[in-house]
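One structure is given below, encoded as structure tokens.
2 protein chains.
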Amino acid sequence: MARLVDVIEMVINQMLDENDGSVIISRNTLAEKVNCVPSQITYVLSTRFTPGNGYIVESRRGGGGQITVMRAKPLSSTEYLKAMLDTIGRELSQQQARLLLQNAISRKAMNAREATIIMAACSDRALGKLDPDARNIVRADVFKNAIAGMLVDVNNNNLR
Amino acid sequence: MARLVDVIEMVINQMLDENDGSVIISRNTLAEKVNCVPSQITYVLSTRFTPGNGYIVESRRGGGGQITVMRAKPLSSTEYLKAMLDTIGRELSQQQARLLLQNAISRKAMNAREATIIMAACSDRALGKLDPDARNIVRADVFKNAIAGMLVDVNNNNLR
DNA sequence: ATAATGTGAATGTCAAAGAAAGTCAAAACT
DNA sequence: AGTTTTGACTTTCTTTGACATTCACATTAT
């Protein structure tokens with residue numbers, strides 16, 4: 001029932017937790033452990049453990065080859081949010097938004113309530129009246145503006 | 161004979177009752193259970209479980225895809241926001257949004273930071289790529305979803 | 001001894017198949 | 001007239017597998 005991607009993501013994160021944010025894995029061994037084809041590991045690494053999400057992944061092929069996964073050193077929440085803004089392009093899918101917010105929470109760059117507000121504001125529900133092609137574009141703008149809103153000095157915003 | 165929509169609505173509400181206001185459903189499975197085509201579930205969700213009614217619905221496609229339905233907790237401290245949702249029509253101007261947020265702050269229904277996030281998310285700036293006529297319509301949806309997001313029990317959202 | 005070559009052991013790539021949910025408009029109710 | 005019901009088609013995300021590439025090490029040729 002549980003998605004393979006989720007299982008793999010969890011396993012890697014657990015290893016990272018146990019090893020101070022840096023772990024060396026063997027793709028084949030891990031694949032065997034979770035009962036999947038090796039390329040599935042590659043898929044998870046490239047969709048979940050991206051630089052944009054704060055991870056660095058290095059690898060070596062050949063005999064004794066290996067994959068190193070590292071959590072990037074923790075940035076301040078403001079830095080983190082700014083960096084996040086930079087990674088967002090012209091478009092943003094719902095899932096991308098969700099992942100960004102999840103990571104922001106786990107890095108304490110925002111709290112769960114704030115994340116929920118933003119997720120709701122840029123959900124497909126909220127943008128349902130738009131042309132599907134337009135959605136990801138507008139979502140990117142809504143998302144970026146909401147994040148930018150968090151960076152604004154609360155005593156100096158445009159509500160008062 | 162009870163209408164299909166009513167049956168489905170009841171079933172979902174029952175699940176929500178049994179699961180503390182938040183439930184993850186499989187569209188296909190539920191459709192099979194109540195003997196209807198899957199798209200009927202989508203129809204019910206989009207006509208009954210709207211932000212205006214205090215619900216947040218999120219979904220993921222693909223293998224292991226799922227739909228999450230969340231109900232705002234009937235906390236008295238959030239009554240104000242719920243009532244506010246009801247007053248918002250199909251369209252919402254920037255000015256109106258700002259006023260609603262200012263009022264919400266003065267009623268302690270949200271804090272300044274949260275209001276700033278929402279204001280930014282539905283600002284003309286965020287919606288700048290849209291046709292001016294479309295802006296107020298989309299803004300209404302973004303605003304409503306954001307508010308509904310605040311009503312969701314944070315421990316119960318589907319970000320984690 | 002050194003350079004070239006072979007060999008097996010890894011990881012990378014990519015596209016097809018599969019598994020869900022979303023869309024939309026026509027038909028059927030009320 | 002306005003809602004509900006249905007179903008064909010679309011989009012998104014996951015899973016799999018065949019094939020390509022790279023690397024360390026052993027072996028062979030000069």
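Residue numbers (this note's numbering), protein chains in the order written: chain A, 1 to 160; chain B, 161 to 320.
A virtual CB, placed ideally from N, CA and C, is assigned to each residue, including glycine.
Item, Value
"Taking CB distances under 7 Å as the criterion, tell me whether threonine 47/A reaches chain B.", "no"
"Give me the chain B residues within the contact set of isoleucine 137/A, using Cβ-Cβ distance strictly less than 8 Å, ordered along the chain.", "Lys289"
"Kindly identify the DSSP beta-bridge partner or partners of serine 59/A.", "Ile67/A"
"Rounded to the nearest angstrom, what separates leucine 106/A and lysine 129/A at their Cα positions?", "Leucine is not the amino acid found at residue 106/A; the sequence shown has serine there. Cα-Cα distance, rounded: 32 Å."
"Which chain A residues are close to isoleucine 277/B, counting only those with a beta carbon under 7 Å from its beta carbon?", "Glu114, Ile117, Ile118, Ala146, Gly149 and Met150"
"DSSP on serine 186/B, reduced to helix/strand/coil?", "coil"
"Going by alpha carbons, who is nearest to glutamine 226/B out of Thr189/B, Phe303/B and Asp166/B?", "Thr189/B"
"Report buried or exposed for lysine 304/B, applying the criterion of at least 16 other Cβ atoms within 10 angstroms of its Cβ.", "buried"
"From aspartate 284/B to alanine 294/B, what does the alpha carbon distance come to, in whole angstroms?", "11 Å"
"With H, G and I counted as helix, E and B as strand and the rest as coil, what does DSSP make of isoleucine 248/B?", "coil"
"From which residue to which residue does the alpha helix (DSSP H) around methionine 279/B run?", "272 to 281"
"Just to check my reading of the structure: valine 183/B and phenylalanine 209/B have Cβ atoms closer than 8 Å, yes? What is that Cβ distance to the nearest angstrom?", "Not a contact, Cβ separation roughly 11 Å."
"Can you give me the Cβ contacts of serine 186/B inside the same chain, cut-off strictly under 7 Å, excluding the 5 residues immediately before and after it?", "Gln226"
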